[in-house]
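Residue numbers (the working numbering): 9 to 325. Glycine is no exception: its CB is placed at the ideal position from the N, C-alpha and C atoms.
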Amino acid sequence: MSVTYVLVEQLDGRPEPVTLELITAARALGDVVAVVVGEPGTGAALAPELGQMGAAQVVTAEAAGASTRLILPSVDALHMLAANNPGPIVIAANARGNEIAGRLAARLASGVLTDVVGINADRTAHQSIFGDTIQVSAAVGGASPLYTLRPGAVDGVAQAAAGQVAPMEIPGATAKDVTITSFTQSAQSDRPELPQAKVVIAGGRGVGSEENFRTLVEPLADALGGAVGATRDAVDLGYYPGEYQVGQTGVTVSPDLYIGLGVSGAIQHTSGMQTAKKVVVINNDEDAPIFQIADLGVVGDLFEITPQLIEEINKRK
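Structure, rendered in structure tokens:
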């Protein structure tokens, strides 16, 4: 069986949740080779967990200073592997992953499909396009086709494999490198990361204020163990930070449950959430477009309904 390379997403010495999704999707194409790029010793610490996820082999592509360099260490590692033993490459569809995929496609003379939502054994992939209104199957050429997988699009399923460690040295920094000189980590929330969240509570313009996000949207998210999202209008009005924006110019989510509070349903927002398995909305405008894609729609005052909903959920815990 052929090999498939997966670029491991990691944070604080642990694989991020999207890594299991990448390994699960890549399994259809061949034995999974998980590629860990970082400082010396990084890969060995991650190998046992990656093996339990389904990696037959864990390549530890390491070099001193790799953690302070952007993009190139990962591009170099995957290029070296695929040039020697060609095979498909699966990467997370985020800003970093898409740039890595583009550079690799040029180096390897292979095609690339971005933001796919599923990968098939025949090397075709599913894409959800035009604001997630049309599903297509696309094919890509080359000995090492590249796919960037939308976080949350595939349910990660662990399937234990050998996880054999294979060390590999990668080139050090050159004049082409962009190096991080300082880094301040943002405050970490106890809520799940928005792209991977199974429950998303989104607030729109109708929420009315930053304070109402704190007193209505956030408590409902916490009651359900979910993440908070916001529409572009809510972000532009300063109700919630921009990194939580859901939509065409924000994050795409595919949760099991999406609840929209005061969300009108503009295409800019719905294109980023309409693949949710269940959509519930509360809005006082019965003609709001969001009701057209809702599985359950409540026409009413969110300021009356939401506190009652939170209270009832907490009662049943």
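Nearest to Met61 (by Cα), restricted to the options Tyr13, Gly150, Ala170:
Measuring from the Cα of Met61, the nearest candidate turns out to be Ala170.
With a Cβ-Cβ cutoff of 8 Å, do Pro81 and Ile178 count as a contact?
The answer is yes: Cβ separation under 8 Å.
Please go through the same chain and pick out, in chain order, the residues whose beta-carbon is closer than 7 Å to the beta-carbon of Thr122, but skip the five residues on each side of it.
Excluding residues within five positions, the ones whose Cβ falls inside 7 Å are Ala101, Asn106, Ala109, Thr156.
Ranges of the beta strand (DSSP E) found wholly within the segment 87-150, counting only runs of at least 3
The qualifying runs are 97-100, 120-127, 133-137, 142-146.
Given Ile137 as reference, the closest of Phe299, Gln300, Gln256, Val120 once Cα atoms are compared
Relative to the Cα of Ile137, the nearest Cα in the group Phe299, Gln300, Gln256, Val120 belongs to Gln256.
Please state the DSSP three-state secondary structure of Asp293.
Three-state DSSP puts Asp293 in coil, outside helix and strand.
Where Val225 falls: helix, strand or coil (DSSP):
In this structure, Val225 counts as helix in the three-state DSSP scheme.
Anticipated Cβ contact below 8 Å, Ser262 with Gly160, distance rounded
4 Å between Cβ atoms; contact.
Whose C-alpha, out of Ile188, Glu17, Val165, Val289, is nearest the C-alpha of Gly212?
The shortest C-alpha separation from Gly212 is found at Val289.
Which class does Glu70 belong to by DSSP, given the choice of helix, strand or coil?
Three-state DSSP puts Glu70 in a strand.
Suppose the cutoff is 7 Å on Cβ atoms and the five residues either side in sequence are ignored; what does the same chain contact list for Gly280 look like?
Shown here for Gly280: same chain residues with a beta carbon closer than 7 Å to its own, the five before and five after excluded, namely Val254, Gly255, Gln256, Gly258, Val259, Thr260, Val261 in chain order.
My output table needs one value for Val45: the three-state DSSP class, helix, strand or coil.
Strand.
Sub-8 Å separation of Val98 and Thr12 beta-carbons:
In this structure, Thr12 lies closer than 8 Å to Val98 by Cβ.
Under DSSP, the alpha helix (DSSP H) around Leu54 begins and ends at which residues?
Run containing Leu54: 50-61, per the alpha helix (DSSP H) assignment.
Quick one, are the C-beta atoms of Val43 and Ala85 less than 8 Å apart?
In this structure, Ala85 lies closer than 8 Å to Val43 by Cβ.
Please classify Ser145 as buried or exposed, where buried requires at least 16 other C-beta atoms within 10 Å of its C-beta.
Exposed, because fewer than 16 other Cβ atoms sit within 10 Å of the Cβ of Ser145.
Suppose the cutoff is 7 Å on Cβ atoms and the five residues either side in sequence are ignored; what does the same chain contact list for Ala90 look like?
The beta carbon of Ala90 lies closer than 7 Å to those of Tyr13, Ile97, Leu116, Ser152 in the same chain, with the five residues before and after it left out.
Taking the continuous alpha helix (DSSP H) assigned at Glu326, which residues delimit it?
In the structure as shown, the chain starts at 9 and stops at 325, and residue 326 therefore has no counterpart that could be examined.
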